[in-house]
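Undergrad:
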Amino acid sequence: ETGVTQTPRHLVMGMTNKKSLKCEQHLGHNAMYWYKQSAKKPLELMFVYNFKEQTENNSVPSRFSPECPNSSHLFLHLHTLQPEDSALYLCASSQQTGGETQYFGPGTRLLVL
Amino acid sequence: EDQVTQSPEALRLQEGESSSLNCSYTVSGLRGLFWYRQDPGKGPEFLFTLYSAGEEKEKERLKATLTKKESFLHITAPKPEDSATYLCAGLSYNQGGKLIFGQGTELSVKP
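Chains A and B are the protein sequences, given in the same order. Following the working numbering, the numbering of the first sequence begins with 1 at its first residue and continues without gaps. Following the working numbering, the numbering of the second sequence begins with 1001 at its first residue and continues without gaps.
(1) Would a C-beta distance cut-off of 8 Å place A/F64 and A/L45 closer than the cut-off?
(2) Using a cut-off of 8 Å between C-beta atoms, extract the partners of B/T1105 located in chain A.
(3) Is it buried or exposed, A/V4, if we count other Cβ atoms within 10 angstroms and call 16 or more buried?
(4) Answer with buried or exposed for B/Q1014, where buried requires no fewer than 16 other C-beta atoms within 10 angstroms of its C-beta.
(5) Is the separation between the beta-carbon of B/S1071 and that of B/V1027 shorter than 8 Å?
(6) Would you please verify whether the beta carbon of B/F1072 is less than 8 Å from any beta carbon of chain A?
(7) If we define contact as Cβ-Cβ less than 8 Å, is A/L43 a contact residue for chain B?
(8) Could you please give the first and the last residue of the uninterrupted beta strand (DSSP E) stretch that includes B/E1058?
(9) Would you be able to state if there are at least three C-beta pairs under 8 Å between the stretch 1040-1049 of chain B and the stretch 1008-1025 of chain B?
(10) Residues of the stretch 1026-1059 of chain B in Cβ contact with chain A at a cutoff of 8 Å, in chain order, please.
(11) Note down the Cα distance separating B/R1037 from A/Y49, rounded to an integer number of angstroms.
(12) Residues of chain B with a CB under 8 Å from the CB of A/T101: which are they?
(13) What are the complete beta strand (DSSP E) segments, minimum 3 residues, inside the stretch 1004-1045 of chain B?
(14) For chain A, is any of its Cβ atoms less than 8 Å away from the one on B/G1090?
(15) Hey, is A/F104's beta-carbon within less than 8 Å of any beta-carbon in chain B?
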């Protein structure tokens, strides 16, 4: 595997389900990010981790819970989501959070019924 | 408030018809201006970073330029495989490593 990988690529869940999104980066980076991309809207930053520590939570509802066990892996735990949470969820990584180029994974397309 | 605006929202070109995409920004203390390409159902793919007004970068048929208020992505003699959404993002000194994205320009190149 190279670059940034995400699983699953597609996910359909009910509002009462609990699921998790996984991201893994193979670039030796220290910073990882979660973004939400909704149709016709700019990418929205959700969370930032630098050396496994969360450095930014962009006012994200608590039904989204991130986890970063090490610098290569990032999870987004989902529970009691709403239909408006349906979107493409993108993971990215960079060397650090100081402005270096961010490299994105392919995303998880989430549909909440 | 920091903001990035891209125009047009959509652009349809014939193969070989050169054009430009615009990215206007109001980002306090701009640290860098990034261009990405995004194909349907995929994540953004990094193209360029520009750091100072007057800077230019090229890659194949693409050329990115930066002024104090905006950036342009020039596409010379485009081919159908250049069809994608092009995203622009600004990085502010005041917001650490946070990228502020525009809404994108959807480019379609017809043969």
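The C-beta atom is built at its ideal place from N, Cα and C for all residues, glycine as well.
TA: With the structure as the only source:
(1) The answer is no: Cβ separation not under 8 Å.
(2) Going along chain A, no residue has its Cβ under 8 Å from B/T1105, so there is no contact; the nearest lies around 12 Å.
(3) A residue is called buried once 16 or more other Cβ atoms fall within 10 Å of its Cβ, and A/V4 is buried on that count.
(4) Its Cβ having fewer than 16 others within 10 Å, B/Q1014 is exposed.
(5) The Cβ-Cβ distance between B/S1071 and B/V1027 does not fall below 8 Å.
(6) No, its Cβ sits nowhere closer than 8 Å to a Cβ of chain A.
(7) Judged by the 8 Å Cβ criterion, A/L43 is in contact with chain B.
(8) Its beta strand (DSSP E) spans residues E1056 to K1059.
(9) As far as the Cβ criterion goes, the stretch 1008-1025 of chain B does not touch the stretch 1040-1049 of chain B, which means the pair count is below three.
(10) Within the stretch 1026-1059 of chain B, the qualifying residues are R1031, G1032, F1034, Y1036, G1041, K1042, G1043, P1044, E1045, F1046 and T1049.
(11) Looking at the two C-alpha atoms, the distance is approximately 24 Å.
(12) The answer, in chain order, is F1034, F1046 and T1049.
(13) Counting only unbroken stretches of 3 or more residues, the beta strand (DSSP E) elements lying wholly within the stretch 1004-1045 of chain B are 1010-1014, 1019-1026 and 1030-1038, in sequence order.
(14) No, no contact with chain A.
(15) Cβ-Cβ to chain B under 8 Å: yes for A/F104.
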